[in-house]
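Number 167 marks the last residue of the sequence shown (numbering that gives the first Met the number 0); no jumps. All residues carry an ideal CB built from backbone N, CA and C; glycine is no exception. Treat the numbers as computed from the prediction; the structure is a model and nothing was measured. Data block below; observations after.
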Amino acid sequence: MTLSMYQASIPVLARALRNLSHVLGKASAHASQRKIKPEVLLATRLYPDMFPLLRQVQIATDMAKGCGGRLAEVERPVHADNEATFEELQERISSTVAFLESLKPAQIDGSEEKAISLTIGGRDLSFKGQGYLLNFVIPNVFFHCTTAYAILRHCGVELSKSDFIGSD
Numbered sequence: 000m001t002l003s004m005y006q007a008s009i010p011v012l013a014r015a016l017r018n019l020s021h022v023l024g025k026a027s028a029h030a031s032q033r034k035i036k037p038e039v040l041l042a043t044r045l046y047p048d049m050f051p052l053l054r055q056v057q058i059a060t061d062m063a064k065g066c067g068g069r070l071a072e073v074e075r076p077v078h079a080d081n082e083a084t085f086e087e088l089q090e091r092i093s094s095t096v097a098f099l100e101s102l103k104p105a106q107i108d109g110s111e112e113k114a115i116s117l118t119i120g121g122r123d124l125s126f127k128g129q130g131y132l133l134n135f136v137i138p139n140v141f142f143h144c145t146t147a148y149a150i151l152r153h154c155g156v157e158l159s160k161s162d163f164i165g166s167d
């Protein structure tokens, strides 16, 4: 069985973000039920030198939309990184998923050898399309989604593996 670049990217990234949205929905409900200020959860970190929950979500969406845009060679949505509520993060995820799902296989397939260059944290990075997707984007998206999940579990939000993995 052969997977195309589209099959290995867009459905995988969109699903990860939809599952992240589900996890955030449970976190918002938890905060409401327990009378916890949502901003407390959004500012929580696993360790002082790590990003807070809010930034984990921003980075996961940035990675996903960046991948879709770069592989398809189209403009990607711009987010100001000024979200401060669960609702605003949900909107960000929703717009990112809508962008990803607007991309067609013909725009992504055949991008295995496409030259991809970007600067992150002051570092210039260069990839070929397949390496960018498989060795950079997917691990980063899952790292930040997993970290968001771990922050919320640490805060007592009742989540299970199936909340992270999702179901079809």
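Element boundaries [alpha helix (DSSP H), containing residue i]
i, result
"D61", "52-71"
"I164", "160-164"
"L124", "That residue, L124, is in no alpha helix (DSSP H); its beta strand (DSSP E) goes 122-127."
"I92", "85-101"
"N18", "4-33"
"P104", "104-107"
"L40", "37-41"
Residue interval of the beta strand (DSSP E) (run including residue i)
i, result
"F141", "F141 -> not in any beta strand (DSSP E); alpha helix (DSSP H) instead, spanning 137-153."
Beta-carbon gap between residue i and residue j smaller than 8 Å
i, j, result
"T60", "I150", "no"
"L45", "A26", "no"
"A220", "I107", "In the structure as shown, the chain begins at 0 and stops at 167. Residue 220 is therefore absent and cannot be evaluated."
"L88", "L124", "no"
"F141", "A15", "yes"
Per-residue burial, residue i [other beta carbons within 10 Å of its own, 16 or more giving buried]
i, result
"A147", "buried"
"L19", "buried"
"H143", "buried"
"G67", "buried"
"I164", "exposed"
"Q6", "exposed"
"Q32", "exposed"
"I119", "exposed"
"E82", "buried"
Sequence-distant residues of its chain with Cβ nearer than 7 Å to residue i (five each side left out)
i, result
"T84", "P37"
Bridge partners - residue i, DSSP secondary structure assignment
i, result
"T118", "D123"
Nonlocal neighbours in the same chain, by C-beta distance under 6 Å from residue i, ignoring five residues either side
i, result
"L172", "Since the displayed the chain opens at 0 and closes at 167, residue 172 lies outside it and no answer follows."
Short CB-CB distance (under 8 Å) between residue i and chain D
i, result
"T84", "This model lacks chain D altogether, as it is built from one protein chain only."
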